[in-house]
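Read the structure below first, then the notes.
Protein chains: 2
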Amino acid sequence: MNIGILGTGMVARTFAQTLLAKGHILKLGTRNVADTLAKPGNTNTGLLSFADWLQSQPGIELGTFAEAAAFGELLINVTSGGACMVALEAAGEANLGQKVLLDVANPLDFSNGMPPTLSIVNDDSLGEAIQRRFPNVNVVKTLNTMTAAIMVNPTAVSGMHNVFVSGNGTAAKATASAFLTEQFGWPATSIIDLGDITTARGSEQLLPIWIRLWGALQTPMFNFAIVR
Amino acid sequence: MNIGILGTGMVARTFAQTLLAKGHILKLGTRNVADTLAKPGNTNTGLLSFADWLQSQPGIELGTFAEAAAFGELLINVTSGGACMVALEAAGEANLGQKVLLDVANPLDFSNGMPPTLSIVNDDSLGEAIQRRFPNVNVVKTLNTMTAAIMVNPTAVSGMHNVFVSGNGTAAKATASAFLTEQFGWPATSIIDLGDITTARGSEQLLPIWIRLWGALQTPMFNFAIVR
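These protein sequence lines map, in sequence, to chains L and X. Here full-length UniProt numbering is used: the first residue of the first sequence is 1, the next is one more, and so on. Here full-length UniProt numbering is used: the first residue of the second sequence is 1, the next is one more, and so on.
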């Protein structure tokens, strides 16, 4: 399948490598291709420069947000929360069409330091804001409640744990859920449908405790399980 | 131990009955004793009138917020989020003293219907607001992320699941954690110390997804587990 990924950071790369290995054709979208290719790596986090990473992944292409959106039959939004709406505007309404958009972004605001707050919260969510602005897109909020290594490999955490989906379209949520199962190995029984896109408020507001748990547990390799 | 419970609703009663059975002496606090005793039950939820319930629980006493706060060596705040600060003002700074206050309340705002929003959120929390207003009180936010039947009986949910504690005082959190273990049976390994009282932002912001999960699962008998 042709898949368009909006974003070029660590999460985007994790998705791209995993989906490339599954035989898909990937195009990553960015604001400015030349700038992204010129950007150095991050020696603190060990993140390769995008150009170095791209060279190690033959078959993955880089384009503008518009090109990635036009290319993908299914789209994944992994832009940073603050850049998200600008990226989607650049992707363009026509290119986004009525496609299923897996919205993995969180509206984290680091402008006041750590821990971040949420720039959209409580009576609204980033998922809803995207759906309002692009009413034809089939937005499905999902995977935003865990670290990238677990998103694409749920066996990295032991035992039963969960991933949430929120969206207005039943068919789009079924497509998204099947994608999670087939591409990443999420058991169907681990996928919890929270309801319409307004339930993205719930999953996005998991981030504040997620960040504190990262500190308390000294690792991001954990996930939420809903046990009964 | 003499325990003061601020509140008279379902959660207050669940705590009181459980702690009475463990041999403690309980005083529940309310705004106006006569009003609380005159209030009818709720036929929709099956909640007994307070007077009927009290009659079935010999040994539990009802008093004002101030009387309950003065009585308890340890205090439990289970007032509704909107009434919380008023209740604590009525309890009085002198009566609250430097006691450990288990803050189980959530700042839920039902004024715009269901689902509720949070009246304090994102860069603040109810736990922090209480701690700011009563700097001498040893506020420990805990147990606010599950239904009352699970708070006092973690075996009601199968397998490992978690309860969070947030607070500024190490000794107060140790007291609270020991209380959870000894009175309710929470395994020490299931108690996660999130950090100082600002981490109450994290546990209070679990409520939006908790409420959606209640809808999706059609039962409140579930809890969050953090799995690795």
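Backbone N, C-alpha and C fix where the C-beta goes; we use that ideal spot for every residue, glycine too.
Straight-line gap, residue i to residue j (C-alpha atoms, nearest Å)
i               : j               : result
L88 of chain X  : M114 of chain L : 31 Å
G7 of chain X   : L37 of chain X  : 13 Å
G195 of chain X : V137 of chain X : 17 Å
L108 of chain L : M146 of chain X : 26 Å
F50 of chain L  : L118 of chain L : 27 Å
L75 of chain L  : L206 of chain X : 28 Å
F134 of chain X : E93 of chain X  : 7 Å
R228 of chain L : N162 of chain L : 13 Å
N32 of chain L  : A91 of chain L  : 12 Å
F224 of chain L : G81 of chain L  : 21 Å
W210 of chain X : L20 of chain L  : 36 Å
G159 of chain L : I60 of chain X  : 43 Å
T199 of chain L : E73 of chain X  : 41 Å
S203 of chain L : A83 of chain X  : 27 Å
D124 of chain L : A148 of chain L : 24 Å
Q131 of chain L : W214 of chain L : 30 Å
W186 of chain L : V165 of chain X : 31 Å
G167 of chain X : Q17 of chain X  : 26 Å
DSSP beta-bridge partners of residue i
i                      : result
S166 of chain L        : L:K141, L:G195
L102 of chain X        : X:I76, X:V140
G63 of chain X         : X:G29
L118 of chain X        : X:L108
I211 of chain L        : None; I211 of chain L has no bridge partner.
residue 233 of chain X : A question about residue 233 of chain X goes unanswered here, because the residues of chain X that appear run from 1 up to 228.
N42 of chain L         : L:L47
Where residue i meets chain L, residues with beta-carbon distance less than 9 Å
i               : result
A163 of chain X : In the sequence under discussion, the amino acid at residue 163 of chain X is Val, which differs from the Ala named in the question. In chain order: nothing, as chain L lies at least about 13 Å away.
Endpoints, alpha helix (DSSP H) assigned at residue i
i               : result
T181 of chain L : Per DSSP, T181 of chain L belongs to no alpha helix (DSSP H) and is neither H nor E.
L28 of chain X  : L28 of chain X -> not in any alpha helix (DSSP H); beta strand (DSSP E) instead, spanning 25 to 30.
G127 of chain X : 126 to 133
G113 of chain L : Segment: none, G113 of chain L is in no alpha helix (DSSP H) and carries neither H nor E.
G202 of chain L : 200 to 204
A188 of chain L : Unbroken run through A188 of chain L: none, as it is neither H nor E.
Interface residues of chain L facing residue i [CB-CB closer than 7 Å]
i               : result
F184 of chain X : The premise fails here: F184 of chain X is roughly 17 Å from chain L at the closest Cβ pair, so nothing lies under 7 Å.
V11 of chain X  : What V11 of chain X touches in chain L: nothing, since even the nearest Cβ is about 20 Å away.
Q205 of chain X : Q205, P208, I209
D193 of chain X : A216
N223 of chain X : V227
L212 of chain X : Per the sequence shown, the amino acid found at residue 212 of chain X is Arg instead of Leu. L194, G195, T199, G202, listed in chain order.
Where the beta strand (DSSP E) containing residue i begins and where it ends
i               : result
F224 of chain L : 223 to 227
G92 of chain X  : It is not in any beta strand (DSSP E) - G92 of chain X carries neither H nor E in the DSSP assignment.
Chain-ordered neighbours of residue i on chain X, where CB pairs are closer than 9 Å
i               : result
T117 of chain L : N122, D123, R201
Taking 8 Å as the cut-off, does the region 59 to 73 of chain L touch the region 109 to 123 of chain L (at least 3 CB pairs, one atom from each stretch)? No, they do not touch.
At least three beta-carbon pairs within less than 8 Å, the region 36 to 55 of chain X to the region 168 to 187 of chain X: Contact fails: fewer than three Cβ-Cβ distances are below 8 Å.
Check whether the region 179 to 197 of chain L and the region 213 to 221 of chain L touch, using three or more Cβ-Cβ pairs below 8 Å as the test. Three or more Cβ pairs closer than 8 Å define a contact, and the region 179 to 197 of chain L falls short of that threshold against the region 213 to 221 of chain L.
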